[in-house]
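To keep things clear, I will list the structure first and then write my remarks on it.
Residue numbers (our numbering): 51 to 220.
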């Protein structure tokens with residue numbers, strides 16, 4: 051996914067049972083998703099392993115927001131995977147809840163792009179109109195529409211803007 055002349059960026063999109071979605075940037079050479087699991091100690095953390103080329107160390111996306119309620123994950127542009135509880139592994143005070151990635155429906159990037167474009171049209175704008183606006187106004191519009199779509203960034207708001215602008219520039 052290209053973003054206005056910047057180097058290629060890739061994103062993981064996680065969706066929760068309550069409808070919230072979160073985007074997280076990953077390495078540009080990411081090729082797929084390997085597994086999702088929740089580690090239970092005193093607290094709970096969800097971990098999504100992102101595959102990279104054979105000679106590279108996999109990426110790890112960590113979430114502490116309701117990790118047992120993540121229902122779908124996707125490397126944007128490659129299709130979504132629904133999560134299905136698979137196994138439990140306990141060792142000492144650590145419990146690992148493993149999930150299978152079950153092939154889901156379609157490209158979530160295309161679905162989010164369509165949903166965002168429809169929200170823009172409801173405001174009387176197109177993607178071209180949005181890209182022609184000054185950066186501050188563009189960010190305000192993206193932030194407002196994304197909030198209405200229950201779409202947030204995992205750590206930095208800039209990641210959300212890069213994700214949306216990358217989708218709309220395709």
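Cβ coordinates follow ideal geometry from the N, Cα and C atoms, glycine included.
Among the options, nearest to residue i - alpha-carbon criterion
i, options, result
"residue 169", "154, 182, 193, 149", "193"
"residue 91", "129, 204, 139", "139"
"residue 64", "117, 85, 122, 86", "122"
"residue 205", "147, 164, 114", "114"
"residue 108", "190, 166, 86", "86"
"residue 118", "106, 94, 110", "94"
"residue 143", "196, 183, 89, 150", "89"
"residue 70", "215, 200, 208, 210", "200"
"residue 233", "106, 190, 153", "For residue 233 there is no data in the structure shown, the boundaries of the chain being 51 and 220."
"residue 167", "145, 133, 191", "191"
"residue 187", "211, 112, 149, 68", "211"
"residue 197", "111, 165, 159", "165"
"residue 202", "162, 171, 148", "162"
According to DSSP, residues forming a beta bridge with residue i
i, result
"residue 109", "100"
"residue 124", "63, 130"
"residue 137", "148"
"residue 83", "100"
"residue 75", "61"
"residue 89", "95, 146"
"residue 202", "72"
Residue range of the beta strand (DSSP E) that includes residue i
i, result
"residue 146", "144-153"
"residue 118", "Taken as a continuous stretch (DSSP letters only), residue 118 belongs to no beta strand (DSSP E), as it is neither H nor E."
Contact belief for residue i with residue j at Cβ below 8 angstroms, rounded distance in angstroms
i, j, result
"residue 80", "residue 102", "6 angstroms"
"residue 175", "residue 131", "Contact doesn't hold; Cβ gap of about 32 angstroms is too wide."
"residue 157", "residue 127", "7 angstroms"
"residue 62", "residue 76", "5 angstroms"
"residue 180", "residue 218", "7 angstroms"
Check whether residue i and residue j have beta carbons under 8 angstroms apart
i, j, result
"residue 213", "residue 120", "no"
"residue 135", "residue 66", "no"
"residue 125", "residue 60", "yes"
"residue 58", "residue 78", "yes"
Span of the alpha helix (DSSP H), counted from its first residue to its last, around residue i
i, result
"residue 163", "158-172"
"residue 215", "207-219"
"residue 175", "Careful: residue 175 lies outside any alpha helix (DSSP H) and carries neither H nor E."
Residue i: CB within 7 angstroms of a non-hydrogen atom of the ligand MN
i, result
"residue 202", "No copy of the ligand MN appears in this structure; indeed no ligand is present at all."
Closer than 8 angstroms to chain B by CB, residue i
i, result
"residue 65", "In the structure shown, chain B cannot be found, because there is only a single protein chain."
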